[in-house]
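Asks: Under UniProt numbering, the residue at position 85 of the sequence shown is numbered 85, and the numbers go up by one with no gaps.
Note that CB positions come from ideal geometry on N, CA and C, so glycine has one too.
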Amino acid sequence: MTHRLTAAMRAEGLIRLAQAQGLFAALRHRGEAERGALLVKLDRFDAGCLMLEPVTGFDGAALWRGLDGPAVAGPRAEEIIAKRRRVDTDLWVIEIEDPKSVLDPAAWPA
Numbered sequence: 001m002t003h004r005l006t007a008a009m010r011a012e013g014l015i016r017l018a019q020a021q022g023l024f025a026a027l028r029h030r031g032e033a034e035r036g037a038l039l040v041k042l043d044r045f046d047a048g049c050l051m052l053e054p055v056t057g058f059d060g061a062a063l064w065r066g067l068d069g070p071a072v073a074g075p076r077a078e079e080i081i082a083k084r085r086r087v088d089t090d091l092w093v094i095e096i097e098d099p100k101s102v103l104d105p106a107a108w109p110a
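(1) Just to confirm, is the Cβ distance from tryptophan 92 to arginine 30 under 8 Å?
(2) Looking at the C-beta of glycine 74, does it have a partner C-beta in chain C at a distance below 8 Å?
(3) Would you identify the three-state DSSP class for valine 87, choosing helix, strand or coil?
(4) Quick check on the DSSP output: the beta strand (DSSP E) that includes glycine 22 runs from which residue to which?
(5) Which class does glycine 66 belong to by DSSP, given the choice of helix, strand or coil?
(6) Pull up the DSSP beta-bridge partners for tryptophan 92, would you.
(7) Give the straight-line distance between the Cα atoms of leucine 39 and glutamate 53, rounded to the nearest whole angstrom.
(8) Please report the distance separating the alpha-carbon of arginine 65 from that of glycine 22.
(9) Run through the DSSP bridge pairs and tell me what aspartate 46 is partnered with.
(10) Which word fits alanine 18, buried or exposed, when buried means at least 16 other C-beta atoms lie within 10 angstroms of its C-beta?
(11) Are there three or more Cβ pairs, one per stretch, closer than 8 Å when the region 4-18 is compared with the region 73-80?
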């Protein structure tokens, strides 16, 4: 049996990680508590938004994958969120405001 953190615990952990760095982070949509997917909008203001989701790499390592390129404009980020929510009602959506690019998603636990 493999032990996994629930989606709720993973979402709360990401929000706390951002807040510990003095950043604004909020849960925009609460999904299914146990197994819902996560989607993170990392808003870097003038540098655009990173849209990220946790995935498992070919080697089995957990990592964060960017959606729709390295950075997207705010309206495109909202389109991605709306589209994903229409398809997946269990989706958790987290938004983090990081205007100075303090957070490095590659260092996040996935």
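Replies: Let me spell this out:
(1) Within the sequence shown, numbered from 1, the residue matching residue 92 stands at position 92. Within the sequence shown, numbered from 1, the residue matching residue 30 stands at position 30. Against a cut-off of 8 Å, the Cβ pair of arginine 30 and tryptophan 92 comes out as a contact.
(2) In the structure shown, chain C cannot be found, because there is only a single protein chain.
(3) Here residue 87 refers to the residue found at position 87 of the sequence shown. Helix, per DSSP.
(4) Position 22 of the sequence shown holds residue 22. Unbroken run through glycine 22: none, as it is neither H nor E.
(5) Position 66 of the sequence shown, counted from the first residue, corresponds to residue 66. Glycine 66: strand per DSSP, three-state reduction.
(6) Looking up residue 92 in the sequence shown gives position 92. According to DSSP, which records beta bridges pairwise, tryptophan 92 is partnered with Leu38.
(7) For the purposes of this step, residue 39 is taken as residue 39 along the sequence shown, with counting starting at 1. For the purposes of this step, residue 53 is taken as residue 53 along the sequence shown, with counting starting at 1. If you take the alpha carbons of leucine 39 and glutamate 53, they lie about 5 Å apart.
(8) Taking the sequence shown and counting its residues from 1, the one referred to as residue 65 is at position 65. Taking the sequence shown and counting its residues from 1, the one referred to as residue 22 is at position 22. Distance between the alpha carbons of arginine 65 and glycine 22 is about 24 Å.
(9) Here residue 46 corresponds to residue number 46 of the sequence shown, with the count starting at 1. Answer is none; aspartate 46 lacks a bridge partner.
(10) Here the question's residue 18 lines up with position 18 in the sequence shown. Answer is buried; the Cβ neighbour count reaches 16.
(11) They do not touch, by the three-pair rule.
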